[in-house]
Structure formats: C-alpha cells, structure tokens
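Going by our numbering, the residue at position 124 of the sequence shown is 304; the numbering climbs one at a time, nothing skipped.
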Amino acid sequence: MLPAAARLTSSEEFRLVVRRGRRAGRPRLVVHALRPDAVTSWQQTSLEAELNTAPTRDSRVSTRVGFVVSKAVGNAVVRHQVTRRLRHLLRDRLDAVAPGTLVVVRALPPAATASSRELGADLDAALRRLR
Numbered sequence: 181m182l183p184a185a186a187r188l189t190s191s192e193e194f195r196l197v198v199r200r201g202r203r204a205g206r207p208r209l210v211v212h213a214l215r216p217d218a219v220t221s222w223q224q225t226s227l228e229a230e231l232n233t234a235p236t237r238d239s240r241v242s243t244r245v246g247f248v249v250s251k252a253v254g255n256a257v258v259r260h261q262v263t264r265r266l267r268h269l270l271r272d273r274l275d276a277v278a279p280g281t282l283v284v285v286r287a288l289p290p291a292a293t294a295s296s297r298e299l300g301a302d303l304d305a306a307l308r309r310l311r
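Written as structure tokens, this is what we have:
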C-alpha cells in the first residue's frame, strides 16, 4: 500500500500532470510524470495555486503517484485488480523516481490480461524513458 503522502488525490493534480508532464507510452500503460525541476519559478506559484497545496504537504520532497483505470479496461473487479497490481509495483519503484515528481499511471485495456511481470516490465521501461 502506498502511504497517504505518496498519493495524488485531487482531479486538479491529475489534470496538471497529464497536461504539463512528460509522457511515456507502453503497450499496456501510459506513464505521465511532472518533475519539480521542469517547473520554472513563475509557474511554481501558479502551480501551487492550482494544486491548492496544504502548508503541511511539501510537494517538492515526496514523490506522489495516481492511477487512472477506465471502464475500457474491464468491470469493477478487473479495474481494482489492475490498480492493486500497479500500486504494488510502483511502491517498490518510488526510490527510482526523482523526489517531488508527480506521476500518473494510466492503464490501457491490455493491462487487464497482463501478468504482474509484464506490467512491471512496462512500468520500468516507461520510468527509464522519463528520467
């Protein structure tokens, strides 16, 4: 399980990462990442305003992750299985991502039938590409 401080929670955060971040596509998933050094100082103030970050949460320190698994992947049971697998795989890879990076993992329909090993390989390749 990912700790609460490592999760993206609001739709504004997801939207920001998907629109402003870099993207790496794989056959079973797409990874979007927004690094803190990719944001200039004038954008930082608008970014904080967009995210409405709490003063206790320092987004520059912890890497935060969110998952998007649409109905195209499968029914609710399948979507939750895919989300749990991805959450478990990414928890072990948080140290490989630069601190303060915001990450969104979007599962594609082939993720429903993929093994954890295949999802892990796609995740590793996407994260390598985004470094």
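Every residue, glycine too, gets a C-beta built ideally from N, C-alpha and C.
For clarity, every value in this text was computed on a predicted model and none was experimentally measured.
Run the CB neighbour count on V277, radius 10 Å, all protein chains shown included, and call it buried at 16 or more, exposed below.
buried
Taking A291 as the reference, give the member of D275, S191, L303 with the closest Cα.
L303
Which whole-angstrom value describes the C-beta separation of L310 and A204, a residue pair presumed to lie in contact below a C-beta threshold of 8 Å?
5 Å
Neighbour-count burial assignment, T243, 16 or more Cβ in a 10 Å radius:
buried
Out of curiosity, what's the CA-to-CA distance linking G254 and R202?
26 Å
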